[in-house]
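Here is the structure we will look at, set down as structure tokens.
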Amino acid sequence: MFYFAVLLLVAGIVLLVLKRRSIVGFRFATLTGLLVGALGLLLALSSFTYIVEPYEVGVPTSLGSVGGTWKPGLHLKSPLTEVTTYSTRPSDLNLTGDDTVEVRSSEGGVLYVDLTVKWAIDPEHTLALYKLSGSAANVQQRLVYPDTREIVRNVFAKHTSVEGYATQREAISAEMEQLITQRLSPRGIIVNSVNLRNVKPSDVLQKAIDQKIQQDQATQQAAAAVLTAKAEAEKRRIEAESTAAANTVIANSLTDKILLSQCYEAFRAAAEKNPVYASPCGSGSGSSPLIVDGTKR
1 MFYFAVLLLV AGIVLLVLKR RSIVGFRFAT LTGLLVGALG LLLALSSFTY
51 IVEPYEVGVP TSLGSVGGTW KPGLHLKSPL TEVTTYSTRP SDLNLTGDDT
101 VEVRSSEGGV LYVDLTVKWA IDPEHTLALY KLSGSAANVQ QRLVYPDTRE
151 IVRNVFAKHT SVEGYATQRE AISAEMEQLI TQRLSPRGII VNSVNLRNVK
201 PSDVLQKAID QKIQQDQATQ QAAAAVLTAK AEAEKRRIEA ESTAAANTVI
251 ANSLTDKILL SQCYEAFRAA AEKNPVYASP CGSGSGSSPL IVDGTKR
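Spelled out as structure tokens, the structure:
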């Protein structure tokens, strides 16, 4: 930009000189020379300043020398100074589609993982990030992208296919977020969240998972049936013991006198609706017939 501004200034001066020598038209040379010279002057002055926009951090470099970071605002600089800016707003790394991560479980099964990493640059570490990556775009491509893919593969390699596909997804997502944060935080990259969006098994693995789930369900049903049978058997045993105990109590409590008394009561109740009759109560030598008159109370 600075060299272009100098070129415009020179062109404006040349036009004004040519006007004085009447080589070109007076009006054309004057107006064109003034416009080109003014534009060159403005561009030359702008090359001595630089504005860092809000939510950005600038890193100036001049002739191979790296300066300190610049905060948002107007800054004076040399025309030979170049400024590389980094946005401090959160960015999304979407590993999906062509960037879907292919991983293998501890059993060797192939899974396809889609996730999103929300990250941002720590303004205090911008200078270190410039030395590592060189530009804001390279921060994601050289640091966030490869480290995330590596950690995702390593985490899924510690789990079985069923755990990665179904039973342990939340735990795996939390573990990945922790490891990615630990890896990128010292480099000045803030990890806000890691969202495990989808885990899709390969066709071969899907069949194996379905078979494993069916086997587990059959095993659980068989175990439930065994428990039910044991419970029913225990119930019947308890009922039998209770009945036996009750019969023992009754047998021990029913003496001959009690039985004879109950017999008298039974025939007295029957005599209220029947004529006089005689019936024995009890048995043995000590027993005697019972005469009941149904016409008397």
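So that you can map any letter, position 252 of the sequence shown is 252 in the UniProt record's numbering, and since no number is skipped, the others follow by simple counting. Beta carbons: idealized from backbone N, C-alpha and C, even for Gly.
Please work out which residues of its chain come closer than 7 Å, Cβ to Cβ, to residue i, disregarding the five sequence neighbours upstream and downstream, and give them in chain order.
| i | result |
| --- | --- |
| residue 192 | 90, 118, 119, 120 |
| residue 181 | 191 |
| residue 164 | 105, 111, 156, 172, 199 |
| residue 145 | 93 |
| residue 25 | With a pLDDT of only 48 at residue 25, under 50, the local geometry of the prediction cannot be trusted, and no value is derived from it. |
| residue 261 | none |
Indicate whether residue i and residue j have their beta-carbon atoms separated by less than 8 Å.
| i | j | result |
| --- | --- | --- |
| residue 48 | residue 72 | no |
| residue 196 | residue 169 | yes |
| residue 130 | residue 66 | yes |
| residue 148 | residue 95 | yes |
| residue 103 | residue 162 | no |
| residue 74 | residue 51 | yes |
| residue 183 | residue 128 | no |
| residue 219 | residue 126 | no |
Measuring only the C-alpha atoms, how far is residue i from residue j?
| i | j | result |
| --- | --- | --- |
| residue 206 | residue 173 | 21 Å |
| residue 88 | residue 211 | 49 Å |
| residue 100 | residue 231 | 51 Å |
| residue 98 | residue 150 | 16 Å |
| residue 214 | residue 233 | 29 Å |
| residue 138 | residue 60 | 17 Å |
| residue 221 | residue 116 | 39 Å |
| residue 235 | residue 241 | 10 Å |
| residue 141 | residue 189 | 13 Å |
| residue 243 | residue 223 | 31 Å |
| residue 245 | residue 159 | 57 Å |
| residue 133 | residue 122 | 14 Å |
| residue 266 | residue 252 | 21 Å |
| residue 62 | residue 204 | 57 Å |
| residue 178 | residue 229 | 47 Å |
| residue 194 | residue 239 | 59 Å |
| residue 217 | residue 107 | 21 Å |
| residue 54 | residue 202 | 46 Å |
| residue 81 | residue 113 | 44 Å |
| residue 248 | residue 225 | 35 Å |
| residue 135 | residue 185 | 18 Å |
Looking only at its own chain, which residues have a Cβ that is under 6 Å from the Cβ of residue i, when we skip the five neighbours before and after it?
| i | result |
| --- | --- |
| residue 237 | none |
| residue 58 | 52, 70, 83, 85 |
| residue 167 | none |
| residue 64 | none |
Could you pull out every residue in the same chain whose Cβ sits closer than 8 Å to the Cβ of residue i, ignoring the five residues on either side in sequence?
| i | result |
| --- | --- |
| residue 56 | 72, 85, 86, 87, 88 |
| residue 208 | 109, 161 |
| residue 175 | 155 |
| residue 124 | 188 |
Using 7 Å as the cut-off, classify the Cβ of residue i as near or not near the heavy atoms of the ligand ATP, replying yes or no.
| i | result |
| --- | --- |
| residue 214 | The model depicted lacks the ligand ATP and carries no ligand whatsoever. |
**Request:** Counting only runs of 3+ residues fully inside the segment 54-113, write out the beta strand (DSSP E) ranges in chain order.
**Result:** 56-62, 73-76, 81-87, 91-95, 101-104
- Residue ranges of each alpha helix (DSSP H) run of no fewer than 4 residues wholly in the segment 143-226, ordered along the chain? 145-156, 169-184
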